[in-house]
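A.B. asks: I have a structure I would like to understand better, so I am pasting it below and will then ask my questions one at a time.
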Amino acid sequence: MIEIRLHGLGGQGIVTAAEILATAFFYEGNFAQAVPLFGVERRGAPVEAFIREDKKIIRLRSQIYNPDKIIIFSDHQLILDIAQIGAKPTTEFFVYSDKSKEELSQKLKTKNIFVISKNELEKNIKNVRVINTAILSYFISQTKLASLSSINKAIKNKFSSEIATSNIEATKIGFQMTKK
Amino acid sequence: MKTILEGSRAVATTIKNIAPAVISAYPITPQTHIVENLAKFKADGLADFEYVITESEFAAISIVQGAVATGVRAYTATSSQGLLMMSEAIFNIAGMRLPVVMTCANRAISAPINIYNDQQDALTFRDAGWLMFFAEDVQEACDLHVLAYKVAEKLSLPVMVNMDGFILTHVVEPVDIPETKNIKKFLPPYQPEIYLDPKNPLTLGAYVGPQDYLEMRQALHQDIIDSEKTILEEMKNFQNIFGRKLSMVEYFGPKNPETIIVAMGSVIGTIREALDEFKNKTVGVLKITALRPLADKQIIKLLNSAKNIAILDKSISLGTEGILATEIRRTIKDKKIISFVAGLGGRDIKIETIKNIIKLTEEAKEEKTIFLRE
Chain A
2 MIEIRLHGLG
12 GQGIVTAAEI
22 LATAFFYEGN
32 FAQAVPLFGV
42 ERRGAPVEAF
52 IREDKKIIRL
62 RSQIYNPDKI
72 IIFSDHQLIL
82 DIAQIGAKPT
92 TEFFVYSDKS
102 KEELSQKLKT
112 KNIFVISKNE
122 LEKNIKNVRV
132 INTAILSYFI
142 SQTKLASLSS
152 INKAIKNKFS
162 SEIATSNIEA
172 TKIGFQMTKK
Chain B
12 MKTILEGSRA
22 VATTIKNIAP
32 AVISAYPITP
42 QTHIVENLAK
52 FKADGLADFE
62 YVITESEFAA
72 ISIVQGAVAT
82 GVRAYTATSS
92 QGLLMMSEAI
102 FNIAGMRLPV
112 VMTCANRAIS
122 APINIYNDQQ
132 DALTFRDAGW
142 LMFFAEDVQE
152 ACDLHVLAYK
162 VAEKLSLPVM
172 VNMDGFILTH
182 VVEPVDIPET
192 KNIKKFLPPY
202 QPEIYLDPKN
212 PLTLGAYVGP
222 QDYLEMRQAL
232 HQDIIDSEKT
242 ILEEMKNFQN
252 IFGRKLSMVE
262 YFGPKNPETI
272 IVAMGSVIGT
282 IREALDEFKN
292 KTVGVLKITA
302 LRPLADKQII
312 KLLNSAKNIA
322 ILDKSISLGT
332 EGILATEIRR
342 TIKDKKIISF
352 VAGLGGRDIK
362 IETIKNIIKL
372 TEEAKEEKTI
382 FLRE
């Protein structure tokens, strides 16, 4: 079983991203579970979501304490502090940030970091509302946990055609971003 | 066909396929997504039901009560304080023998206010005269609603289908939504013999004096006990049509366990996962799907071989013990029963929590109630 934790701020589409990623895993023929860390929804408050992927049925319902992968949608110090709780030495971090890898490495106390360049994404994607799916597509381009077509299929399943189109444009950009 | 959906949307889609004539609800966390989805189905022209927006849960359940009294199928859903606010009508519905089906997205009760999952809301209504089912996962939550309408309409008894708030209402996981075609095979149109009709005036829920009241309560009591037979029959019919098994109680584990953990709802999944992980050969788990009726004989048989019984409750009868513990204690004699109260107000139940339950149960010299923090 692979356990993934998503961290960010309310309004960034963390819960939606979790749903899309789990749906993509399902389209790959695997079992998947996505669940938000339940809270009273507020824009700007810390948000977490959990995703599990496995070849067999997933029965476990607890939160994820020691994730294999952590995706961080905001490099706010508060989020970085929360996100690293329970990380294993092998846990990989994917951080949406314009900070350097060295700086993030210091803050997150690990070298297993993929920086998703905020500058680069924001230069190419004008609609801030689709950044979350661009981050996901970068994540799967590096981890190979799902194909881009599964992510796009999950997006089409979730959104109306207009919103899906702008998300799919974003995933193309995220998927092609170079590793940093 | 297997798809992947949020639990609330899966249940809402199932209800749409069951096609009640009237839905009335008031939104409350964590039930909200269920009724939002149903309202959207109606707004998008995907459903024919009347959707009545109300100013409170009391109005919602009363509208559903009235609708079913006129001889149509109806639906509502709520949680926690909303369920408490419905309480007067909830008891009435059972006494009037109206086959209402409602979902309770289980949540803690105030005060202190808390929006997270436990089962105190539903368990508080175990004496109301409703049949009560608890789902382990999203699939079961959907399937139990289909079963609920069949049993309710056949027996003129209301059914509350419980799914753990957030844990099941907000999870996205694979599910096979019961399709309209199969539902029609399983569930005939609702055609009651007695219903309110201006052309044939009659009174439902009339005044009953001391000479008959006791007998009417006894009849309701007996019908709930006897409902086990119909539920088992309909579970079999359900399996024949949908290909999925439903049980009132189900045991998972070794043949002659020393210890059995008894629980209800989504925590069963975590317990099963924990026992697999421990590669345990002496501990099993008994899942209670039907709290009302409680399948005493089946439970006695399944618990028979164990020395120790651990009962995991997400509720408590304050001043005594976990509510399920009392329920099981009534059926079982000569066994050490330890009542564990855990997961209240959303406290996470982890694999380590299950490990603690096993350890504390096997160590315990006498029966007691343990509040599990971890």
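These protein sequence lines map, in sequence, to chains A and B. Under the working numbering, the first residue of the first sequence is numbered 2, with each subsequent residue one higher. Under the working numbering, the first residue of the second sequence is numbered 12, with each subsequent residue one higher. In this text, a Cβ means the ideal position worked out from N, Cα and C, and glycines have one as well. Since we're looking at a predicted model, the values are computed, not measured.
1) When you compare the segment 118-138 of chain A with the segment 91-103 of chain A, are there three or more beta-carbon pairs, one atom per stretch, that lie closer than 8 Å?
2) At least one CB of chain B closer than 8 Å to the CB of Phe140 of chain A: is that the case?
3) With respect to the alpha helix (DSSP H) encompassing Glu163 of chain A, which residues constitute its N-terminal and C-terminal limits?
4) Taking only beta-carbon positions, decide if Phe160 of chain A is within less than 8 Å of chain B.
5) Which ranges does the alpha helix (DSSP H) cover as unbroken runs of at least 4 residues, wholly within the segment 40-126 of chain B, from first to last along the chain?
6) If we require 3 or more residues per run, which beta strand (DSSP E) segments fall completely within the segment 83-165 of chain A?
7) Helix, strand or coil for Ala321 of chain B per DSSP?
8) Determine whether the Cβ of Gly295 of chain B lies closer than 8 Å to any Cβ atom of chain A.
9) First and last residue of the alpha helix (DSSP H) that includes Arg283 of chain B?
10) Can you check whether the CB of Ile21 of chain A is closer than 8 Å to the CB of Leu137 of chain A?
11) Which runs of the beta strand (DSSP E) at least 3 residues long sit entirely within the segment 132-182 of chain B? Give them in chain order.
12) On the DSSP bridge list, what partners appear for Ala46 of chain A?
13) Just the C-alpha distance for Ile299 of chain B and Leu142 of chain B, rounded to the nearest angstrom, thanks.
14) So the beta strand (DSSP E) Leu7 of chain A belongs to, where does it begin and stop?
15) Per DSSP, what are the beta-bridge partners of Ala72 of chain A in this structure?
16) Please tell me whether Pro37 of chain A has its Cβ less than 8 Å away from any Cβ of chain B.
17) Is the separation between the beta-carbon of Arg20 of chain B and that of Asp154 of chain B shorter than 8 Å?
18) With a 10 Å radius around its C-beta and 16 neighbouring C-beta atoms as the bar for buried, classify Ile311 of chain B as buried or exposed.
19) In the DSSP output, what is Asp208 of chain B paired with across the bridge?
20) Between Ala80 of chain B and Tyr206 of chain B, which are expected to be in contact by the criterion C-beta below 8 Å, what is the C-beta distance as a whole number of angstroms?
21) In chain order, what residues of the same chain have a beta carbon less than 6 Å from the beta carbon of Leu313 of chain B, not counting five sequence neighbours either side?
22) Check for me: the alpha helix (DSSP H) holding Tyr224 of chain B runs from which residue to which?
23) Name the chain B residues that come within less than 8 Å of Ala33 of chain A, Cβ to Cβ?
24) Compare the C-alpha of Pro268 of chain B against each of B:Gln233, B:Asp223, B:Asn315 and B:Gln222 and name the closest.
25) Taking three-plus beta-carbon pairs below 8 Å as touching, is the segment 143-161 of chain A in contact with the segment 11-26 of chain A?
26) Check the Cβ of Thr281 of chain B against every Cβ in chain A and list those closer than 9 Å, keeping chain order.
27) Given 8 Å as the limit, is there contact between the segment 89-107 of chain B and the segment 51-62 of chain B, that is, 3 or more CB pairs closer than that?
28) Say whether chain A places a C-beta atom closer than 8 Å to the C-beta of Ile369 of chain B.
29) Let me make sure I understand the geometry here. Which of A:Val131, A:Ala135, A:Pro90 and A:Val129 has the alpha-carbon closest to that of Asn113 of chain A?
30) Rounded to the nearest angstrom, what separates Leu2 of chain B and Glu147 of chain B at their Cα positions?
31) Leaving out five residues before and five after Asn173 of chain B in sequence, what residues of the same chain have Cβ atoms less than 6 Å from its Cβ?
32) In chain B, what lies closer than 8 Å to Thr24 of chain A by C-beta?
33) Under DSSP, the beta strand (DSSP E) around Tyr262 of chain B begins and ends at which residues?
C.D. replies: So, to answer that:
1) Because the criterion of three Cβ pairs below 8 Å is met, the segment 118-138 of chain A and the segment 91-103 of chain A touch.
2) no
3) Ser162 to Gln177 is the extent of the alpha helix (DSSP H) around Glu163 of chain A.
4) no
5) 43-54, 68-80, 91-96 and 98-106
6) 93-98 and 114-118
7) strand
8) no
9) Val278 to Phe289
10) yes
11) Secondary structure remark: continuous beta strand (DSSP E) runs of at least 3 residues inside the segment 132-182 of chain B, in chain order: 142-145 and 170-175.
12) Paired residue(s): none; Ala46 of chain A is not in a bridge.
13) 13 Å
14) Ile3 to Leu10
15) In the sequence as displayed, the identity of residue 72 of chain A is Ile instead of Ala. Ile72 of chain A is bridged to A:Leu7 and A:Phe95.
16) Chain B contact via Cβ: present.
17) no
18) Ile311 of chain B comes out exposed.
19) Looking at the DSSP assignment, Asp208 of chain B forms no beta bridge with any residue, so it has no partner.
20) Their Cβ separation, rounded to whole angstroms, is 7 Å, which keeps Ala80 of chain B and Tyr206 of chain B in contact under 8 Å.
21) Tyr262 and Leu297
22) Tyr224 to Phe253
23) Residues of chain B whose Cβ lies closer than 8 Å to the Cβ of Ala33 of chain A are, in chain order, Ile15, Val183, Glu184 and Pro185.
24) B:Asn315
25) yes
26) Arg60, Leu61, Arg62 and Ser63
27) Fewer than three Cβ pairs drawn from the segment 89-107 of chain B and the segment 51-62 of chain B lie within less than 8 Å of each other, which leaves the two stretches out of contact.
28) no
29) Nearest C-alpha to Asn113 of chain A: A:Pro90.
30) The structure shown does not extend to residue 2 of chain B, since chain B is modelled only from 12 through 385, so no value can be given for it.
31) Cys115, Asn117, Ala133 and Phe145
32) By Cβ distance, chain B contributes Ile15 and Val183.
33) Val260 to Phe263
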